[in-house]
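**Student:** One structure is given below, represented as structure tokens, and several questions about it will come after.
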Amino acid sequence: GKDEACPAPPPAPALPPVRSGGGGGRMLQVSSPPSCISQWNCSSWSSCINNVSARTCDDINACNISRREKQACTVLHPSQDAGSPPGSSPISSLQPSPGSSSGTSESTARNTTLTTGSKTTLLATNSTLQSRNPLTLLILSNVTLTGFSVLDALDPVAKQQVLAFIALMISGALLVAFVMQTIHMRRKTLLHSSLHPQPITLSNRSLDIVRTLLAGEQNVVTYLLENNGGGTQASAKHATGLPLTSLHRYIQSLETKNILVVEKIGKMKKIRLSDWFLGDE
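Laid out in structure tokens, this is it:
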């Protein structure tokens, strides 16, 4: 009935010496297995809690040993992440360590933050562009900003204003081109009519009068009819080929018959068919 202590386990039997196969009779002692050498695989540093960052390290040689390291957080550079340990850069903190899943989650969160920041920058830029006038937006419509067209990035109201402004400019350009073309064609027509005057059509009474004239007088009247009813004595001499003395005699005769009128402008004499002959009176 007395309590007895449990017997201690028997000691492990010693390994018997092994005789070498040689004839020398030398004895070899078998060595015990080597001790476990620790090689650590540590996770990434956790975020700062109470100014302390921690991580867990496991032995990769299956020695069933683990340890947890702690380190005080310090004031980091503004470009560094506040959750990273001292001496680490934001780029290196984005890359997960081998065998660690927390590094992957931190990298995903960091990428999400960067993407959100770029979108925020783009929205701020768009709001600045929308406050400008349509002419500035038209100039910037061909500029590409962070992979997006400025015109495509505008809101529907601003985009509609820019398109309306473009349509108004095109309409104005077409109207100006039409007016310039009309003026050019009118000037061309007037120039052609002045260089190539249309012959005058005579009435039957005027034709009967022409038949009663002399041949030289008919030549002068024909020249005036082909020259829109007027000309100069010099041009009449060149067109009819009459001598100057004969031309003066024919002109005086036609003036006496009230068929043409002589107008003296300086030293130049202009002749034209009378209104009575043309039937305008």
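Residues in the sequence shown are numbered consecutively from -2, following our numbering.
By construction, the Cβ of each residue, glycine as well, lies at the ideal position given by its N, Cα and C atoms.
For Arg64, I'd like the list of residues in its chain whose CB is within less than 6 Å of its CB, leaving aside the five on either flank, ordered along the chain.
**Tutor:** Correct list, in chain order: Cys54.
**Student:** Looking at the structure shown, is Lys156 part of a helix, part of a strand, or coil, going by DSSP?
**Tutor:** Reduced to three states, the DSSP call for Lys156 is helix.
**Student:** Please classify Glu66 as buried or exposed, where buried requires at least 16 neighbouring CB atoms within 10 angstroms.
**Tutor:** Counting Cβ neighbours within 10 Å, Glu66 comes out exposed, since fewer than 16 surround it.
**Student:** Count the other CB atoms, across all protein chains shown, that sit within 10 Å of the CB of Gly228; report buried if there are 16 or more and exposed otherwise.
**Tutor:** Burial call: buried.
**Student:** Please classify His233 as buried or exposed, where buried requires at least 16 other C-beta atoms within 10 Å of its C-beta.
**Tutor:** Before going further, note that residue 233 is Ala rather than His in the sequence given. The residue in question, Ala233, is buried, as its Cβ has 16 or more Cβ neighbours within 10 Å.
**Student:** So Tyr247 and Glu223 are in contact, right, with Cβ under 8 Å, and what is the actual spacing, rounded?
**Tutor:** Going by Cβ atoms, the distance from Tyr247 to Glu223 rounds to 16 Å, so no, they are not a contact pair.
**Student:** Does the beta-carbon distance from Gly226 to Arg269 come in below 8 Å?
**Tutor:** Yes, these two residues count as a Cβ contact at 8 Å.
**Student:** Looking at Val217 and Val207, is the spacing between their C-beta atoms short of 8 Å?
**Tutor:** In this structure, Val217 does not lie closer than 8 Å to Val207 by Cβ.
**Student:** Looking at Ala50: is its Cβ nearer than 8 Å to the Cβ of Gln68?
**Tutor:** The sequence shown places Ser at residue 50, rather than the Ala named in the question. Yes, the Cβ-Cβ distance between Ser50 and Gln68 is below 8 Å.
**Student:** Once DSSP output is grouped into helix, strand and coil, what is the label at Thr71?
**Tutor:** If DSSP states are grouped into helix, strand and coil, Thr71 belongs with coil.
**Student:** I think Ser203 touches Gly276, with their Cβ atoms under 8 Å apart; what is that distance to the nearest whole Å?
**Tutor:** Yes, they are in contact, since the Cβ atoms of Ser203 and Gly276 sit about 6 Å apart, within 8 Å.
**Student:** Run through DSSP, which three-state label would Phe274 get?
**Tutor:** Correct three-state label for Phe274: helix.
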